[in-house]
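Structure record follows, encoded as structure tokens.
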Amino acid sequence: MGYSELFATYGEKYLQAIFETLSMTAVCFAIAMVLSVLITVMRVSPIKPLRIVGDLYVQVFRNIPGVALLIIVAYALPYLKIMLPWKACVEVAVVLLASAFGSENFMTGINAIGVGQIEAARSIGLTFTQTMTKIVIPQALRSAVLPMTNLLIATMLTTALGSQVPLNPQELTGLVSFITTRETAIGILPFTVSAVAYAGFSVLLGLAGNAIDKRVRVIR
Amino acid sequence: MPAETPVIEMRHVDKHYGALHVLQDINLSVDKGEVVVLIGPSGSGKSTLCRTINRLETIDSGEILIEGEPLPQEGKELAKMRAEIGMVFQSFNLFAHKTILDNVTLGPREVLKTPKDVAEQEAMRLLARVGVEAQAHKVPAQLSGGQQQRVAIARSLAMHPKAMLFDEPTSALDPEMINEVLEVMVELAREGMTMVVVTHEMNFARRVSNRVIFMADGQIVEEGTPDEFFDHPKSLRAKDFLDSIRGH
Ligand SMILES: Nc1ncnc2c1ncn2[C@@H]1O[C@H](COP(=O)(O)OP(=O)(O)OP(=O)(O)O)[C@@H](O)[C@H]1O
Ligand SMILES: [Mg+2]
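Those protein sequence lines, which keep their order, are chains F and Z. For the record, in the first sequence the residue sitting at position 140 is 140 according to the working numbering, with numbers rising by one throughout. For the record, in the second sequence the residue sitting at position 175 is 395 according to the working numbering, with numbers rising by one throughout.
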């Protein structure tokens, strides 16, 4: 079987898989960004219990392999009577991972701001919330563009966890498993198609990230 | 005794950093329009003293009063009080992602709820007053240190503060930029701003200050008019210190 036959038989499935991968990536990344901001605000808040919970969240989810997280969400949570659809399980696992790393990116950005600007903000009478929303978060967001681009790419690649559960339609990696189990003599062919898709989107995202970074970077 | 309530009053203020007794029974009162210079060796607690006045640092015991009112503990009340005390830092601390104009208008717009156009007009007036109006649309990193520090002063002034605290405002500057900042401060002093200034600039102290306070090891060791203090220091520590900064 060559590429032409592969596309003739599975072309439509590939297009669906690309759509699945990209849409899961978009959903997961958007939720992860919101969560990262919230967790990061907790981690720098003046309230100690919030800081502890925030730090704990990052330490836990940053240090568990994605597959293990998926197994916990998909196969352990049902014992607690929490049954999620397969796709939601994958998305929850990806979001937990990505938000932990996202918060670390923001923390790096915040540390680069330095305590001086924060003290200046407080000394002109800004409240904690105003200091966060006007000074800290905007700068942390801008300096996080490049690391967050990398995280977006990593998020896309992590949606390959979807291959470990029965999804319908499948994402790019799941589709490869599906094809190889049906076409036993096909070898590496179906994988190369997915690989090119992943690599192509990664390059595009990287370029977009660089362009955004150039425009918003804070000169120091 | 002055008839009016002092703008800043510290009563028996103590503060520790762990085992270090960084402020020891500090009593200080600054009247309206007064310019007080704080001077002393490195580590003597000058910055800490300044920072307790707008509660960037907490105190262990004693009282700090602003126009007779005790400093609020936390939250909105504290933020409101901070807005009334300007602070200028050694390292300028301008907001790196905002233009010069936005640096100056942020406080008025967010804290005083001044409408945008009014805040911008006033900011331009203040920037002109400190001589940097041509830089209004640049970001801080594009300005020299002296220009940045003058913007920082304008940013404080935009809040119409009752008093201003300066913590070594010229010691991060190249020598040729020190005077442009000092000149702005001299003018402020002449216009009647109440000021507490940590600085080793003796000429500045002599020209505009009403009082020099000498600190060592967390204590106020002596105070007097600038001429008294610089020409006839009473304590041995002050004599040694003045010798060291004069390079004897
Ligand atoms: N956050 C802190 N934690 C622990 N110790 C501190 C802290 N800030 C300052 N200190 C210590 O308190 C003492 C007084 O510091 P402070 O900065 O007030 O001195 P200073 O008179 O302003 O000195 P300098 O002229 O070097 O600026 C120093 O010994 C300093 O090391
Ligand atoms: Mg100091």
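For every residue, glycine included, the Cβ atom is placed at its ideal position computed from N, Cα and C.
Check your understanding: For residue 371 of chain Z, which residues from the same chain have a beta carbon less than 8 Å from its beta carbon, with the 5 sequence-adjacent residues on both sides left out?
Key -> 312, 314, 320, 323, 324, 347, 350, 352, 355, 360 and 363
**Study point:** Same chain only: Cβ atoms within 7 Å of residue 209 of chain F, ignoring 5 sequence neighbours per side
**Key:** 145, 146 and 149
Point to revise | Short-range partners of chain F found in the stretch 297-328 of chain Z, where Cβ spacing is below 7 Å | key: 299, 300, 302, 303, 307, 309, 311, 313, 315, 316, 317, 326 and 327
Check your understanding: Given residue 245 of chain Z, which residues of its chain have a CB within under 8 Å of its CB, disregarding the five upstream and five downstream residues?
Key -> The residues are 232, 233, 234, 282 and 439.
Check your understanding: Would you call the stretch 382-395 of chain Z and the stretch 300-312 of chain Z in contact, with 3 or more CB pairs under 8 Å?
Key -> yes
**Study point:** Extent of the continuous alpha helix (DSSP H) to which residue 407 of chain Z belongs
**Key:** 395-410
Review point. Are any of the Cβ atoms in chain F nearer than 9 Å to that of residue 276 of chain Z?
Key: yes
Check your understanding: Exposed or buried, which one is residue 451 of chain Z when buried takes at least 16 other CB atoms within 10 Å?
Key -> exposed
Practice item. Return yes when at least one heavy atom of ligand 2 lies under 8 Å from the C-beta of residue 310 of chain Z, else no. Key: yes
Point to revise | Span separating the alpha-carbon of residue 226 of chain Z from that of residue 250 of chain Z | key: 6 Å
Review point. Between residue 368 of chain Z and the rest of its own chain, which residues show a CB-CB distance below 8 Å, the 5 nearest in sequence each way excluded?
Key: So the qualifying residues of the chain are 312, 314 and 360.
Exercise for review: Pull up the CB-CB distance for residue 171 of chain F and residue 20 of chain F, whole angstroms please, since I reckon it's below 8 Å.
Suggested key: 4 Å
Review point. At a Cβ cut of 9 Å, what residues of the stretch 352-378 of chain Z count as close to chain F, listed as they run along the chain?
Key: 359, 360, 361, 362, 372, 375, 376 and 378
Review point. Using the beta-carbon of each residue, which ones in chain Z are nearer than 7 Å to residue 122 of chain F?
Key: 276 and 302
Review point. Would you say residue 218 of chain F reaches chain Z, if we count a Cβ-Cβ gap shorter than 9 Å as a contact?
Key: yes
Practice item. With DSSP as the reference, please indicate the residues paired to residue 57 of chain F in a beta bridge. Key: Looking at the DSSP assignment, residue 57 of chain F forms no beta bridge with any residue, so it has no partner.
Point to revise | Residues proximal to ligand 1 by C-beta, any heavy atom closer than 5 Å | key: Result (chain order): Z:237, Z:242, Z:262, Z:263, Z:264, Z:265, Z:266, Z:267 and Z:268.
Check your understanding: When every heavy atom of ligand 2 is checked, does at least one fall within less than 8 Å of the C-beta of residue 418 of chain Z?
Key -> Yes; taking the cut-off as 8 Å, the Cβ of residue 418 of chain Z has a heavy atom of ligand 2 nearer than that.
Check your understanding: Is the number of C-beta pairs between the stretch 296-306 of chain Z and the stretch 273-282 of chain Z that are closer than 8 Å three or more?
Key -> yes
Review point. Can you find a CB in chain F that lies within less than 9 Å of the CB of residue 295 of chain Z?
Key: yes
Check your understanding: With a cut-off of 9 Å, does the C-beta of residue 47 of chain F fall near any C-beta of chain Z?
Key -> no
Check your understanding: Is there contact here, the stretch 194-207 of chain F with the stretch 60-78 of chain F, by at least three beta-carbon pairs under 8 Å?
Key -> Taking 8 Å as the limit for Cβ pairs, the verdict is that the stretch 60-78 of chain F does not touch the stretch 194-207 of chain F.
Point to revise | Where residue 316 of chain Z falls, given that 16 or more other Cβ within 10 Å makes a residue buried | key: buried
Check your understanding: From F:77, F:118, F:33 and F:142, pick the residue whose C-alpha is nearest to that of residue 89 of chain F; which is it?
Key -> F:77
Check your understanding: Do the CB positions of residue 415 of chain Z and residue 385 of chain Z come within less than 9 Å of each other?
Key -> yes
Check your understanding: Quick one: Cα of residue 140 of chain F to Cα of residue 267 of chain Z, how far?
Key -> 28 Å
Check your understanding: Alpha carbon to alpha carbon, how far is residue 49 of chain F from residue 467 of chain Z?
Key -> 52 Å
Check your understanding: Is the closest heavy atom of ligand 2 to the C-beta of residue 447 of chain Z under 8 Å?
Key -> no
Practice item. Could you tell me the distance, in whole angstroms, from the CA atom of residue 263 of chain Z to the CA atom of residue 443 of chain Z? Key: 18 Å
Check your understanding: So what does residue 250 of chain F bridge to, in DSSP terms?
Key -> This structure does not reach residue 250 of chain F, given that chain F is present from 1 up to 220, and the question cannot be answered.
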